[in-house]
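For the sequence shown, counting from 1, position 167 maps to 167 in UniProt numbering; every step adds exactly one. Written below as structure tokens is the structure these notes are about.
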Amino acid sequence: MSHDHQHDEGPDYFEPQSWEERYAGDEQVWSGRPNPQLVAEVSGLTPGTALDVGCGEGGDVIWLARQGWQVTGADFSANGLARAARHAEQEAVADLTSWWQVDARSFDPAGRTFDLVTTHYLHPPGDDGMADVVRRLASAVAPGGHLLVVGHAPTSDLGHHSEDDRRAMFLAADLVPALPGGFEPVVVEQRPRTVEREGRTMTIDDSTLLARRTD
1 MSHDHQHDEG PDYFEPQSWE ERYAGDEQVW SGRPNPQLVA EVSGLTPGTA
51 LDVGCGEGGD VIWLARQGWQ VTGADFSANG LARAARHAEQ EAVADLTSWW
101 QVDARSFDPA GRTFDLVTTH YLHPPGDDGM ADVVRRLASA VAPGGHLLVV
151 GHAPTSDLGH HSEDDRRAMF LAADLVPALP GGFEPVVVEQ RPRTVEREGR
201 TMTIDDSTLL ARRTD
């Protein structure tokens, strides 16, 4: 997703229309760099098929393709997917990428499975929102494959977020009970990371869950 790890404030950051508008302009929204926890956890895996849900402008998809993965980038924004496809063409990895317009909250793989399913900084509203997303994404993991979920911890210094925003954040351990049977947690961590925000340096926590499907 390479979202520079920051969402809009306000209750609409998980609604498609606000992202369609944001991606409609000419300015690049995110940095284009792969998310650091993706690099940390996936670099040691053998490339296969991958699904990145909430891919935005495709920074993570392009990084995965460069590592040799055959990647499907999924997002609920058609404008975001169009940007991602253009970036993949520019980076000469279009033949390793495909695109899927889908909302993570209603995601159904319809029998498709992937060796890696990953999502970064999705924060659906509601107390069970992210747990439901984890259950949906886990259904797309092939036997022996991995699920990687990374998000903002509620303890992170993320600026002026509403109480609803903070309630949508999560600790890695909060998501473990949402894993279906046949999944083994590999990494359940809060990882501090230093970022620049509005001219000041701060530390935020990445909630990082990596699980392997063992059946």
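In this text, a Cβ means the ideal position worked out from N, Cα and C, and glycines have one as well. Owing to the predicted nature of the structure, the values given are computational and were not obtained by experimental measurement.
Q.
What does the alpha-carbon distance come out to for the pair Thr118 and Ser139?
A. Your numbering for residue 118 matches position 118 in the sequence shown. Your numbering for residue 139 matches position 139 in the sequence shown. Cα to Cα, Thr118 sits roughly 12 Å from Ser139.
**Q.** Alpha-carbon spacing of Arg136 relative to Gly129, whole angstroms
**A.** Indexing the sequence shown from 1 puts residue 136 at position 136. Indexing the sequence shown from 1 puts residue 129 at position 129. Distance between the alpha carbons of Arg136 and Gly129 is about 11 Å.
Q.
Given a cut-off of 8 Å on the beta-carbon distance, is the pair Ala168 and Val133 in contact?
A. Here the question's residue 168 lines up with position 168 in the sequence shown. Here the question's residue 133 lines up with position 133 in the sequence shown. No. Outside cutoff.
Q.
In the DSSP output, what is Gly151 paired with across the bridge?
A. To locate residue 151, count along the sequence shown from 1; it is residue 151. BP columns for Gly151 point to Ser207.
**Q.** Given Phe107 as reference, the closest of Leu51, Gly182, Val195, Thr214 once Cα atoms are compared
**A.** Here residue 107 corresponds to residue number 107 of the sequence shown, with the count starting at 1. Nearest C-alpha to Phe107: Leu51.
Q | C-alpha distance - Ser207 paired with Ala40, whole-angstrom precision | A | Reading the sequence shown from its first residue, position 207 is the one you call residue 207. Reading the sequence shown from its first residue, position 40 is the one you call residue 40. In a straight line, the C-alpha of Ser207 is about 13 Å away from that of Ala40.
Q. Would you report the Cα separation of Ala110 and Pro192, rounded to the nearest angstrom?
A. In the sequence shown, counting from the first residue as 1, residue 110 sits at position 110. In the sequence shown, counting from the first residue as 1, residue 192 sits at position 192. Answer to the nearest angstrom: the Cα atoms are 36 Å apart.
Q) In three-state DSSP terms, what is Ala140? A) Position 140 of the sequence shown, counting from 1, holds the residue named residue 140. If DSSP states are grouped into helix, strand and coil, Ala140 belongs with coil.
Q) Under the three-state reduction of DSSP, which class applies to Thr214: helix, strand or coil? A) Counted from its first residue, the sequence shown places residue 214 at position 214. Coil, per DSSP.
**Q.** Of the listed residues Gln67, Pro124, Val53, nearest to Ala92 (C-alpha basis)
**A.** Translated into positions along the sequence shown, residue 92 becomes position 92. Per the Cα distances, Gln67.
**Q.** Test item: CB-CB of Phe76 and Gln37 under 8 Å
**A.** Mapped onto the sequence shown, residue 76 falls at position 76. Mapped onto the sequence shown, residue 37 falls at position 37. No; because the gap between Cβ atoms is not below 8 Å, this pair is not in contact.
Q) Whose C-beta lies closer than 6 Å to the C-beta of Pro185 among residues of the same chain, with five residues either side of it excluded? A) To locate residue 185, count along the sequence shown from 1; it is residue 185. Here the set comprises Val176, Ala211.
Q: Indicate whether Phe114 and Ala142 have their beta-carbon atoms separated by less than 8 Å.
A: One-based indexing of the sequence shown puts residue 114 at position 114. One-based indexing of the sequence shown puts residue 142 at position 142. It is a contact, given that the beta carbons lie within the stated cut-off.
Q. Does the ligand GTP have a heavy atom nearer than 7 Å to the CB of Ala172?
A. Absence of the ligand GTP is noted for the structure shown, with no ligands found whatsoever.
Q. How is Pro180 classed by DSSP in three states: helix, strand or coil?
A. Here residue 180 is taken as the residue at index 180 of the sequence shown, counted from 1. Note: Pro180 maps to coil in three-state DSSP.
Q: Could you give the DSSP three-state label for Leu96: helix, strand or coil?
A: As a working note, residue 96 is residue 96 in the sequence shown. Correct three-state label for Leu96: helix.
Q | Cα-Cα separation between Ala99 and Leu179, rounded to whole angstroms | A | Counting from 1 along the sequence shown, the entry for residue 99 is found at position 99. Counting from 1 along the sequence shown, the entry for residue 179 is found at position 179. It is worth fixing the name first, because residue 99 is Trp in this sequence and not Ala. If I take the Cα positions, the gap works out to 26 Å.
Q) DSSP on Val195, reduced to helix/strand/coil? A) On the sequence shown, position 195 is the one that residue 195 refers to. Correct three-state label for Val195: strand.
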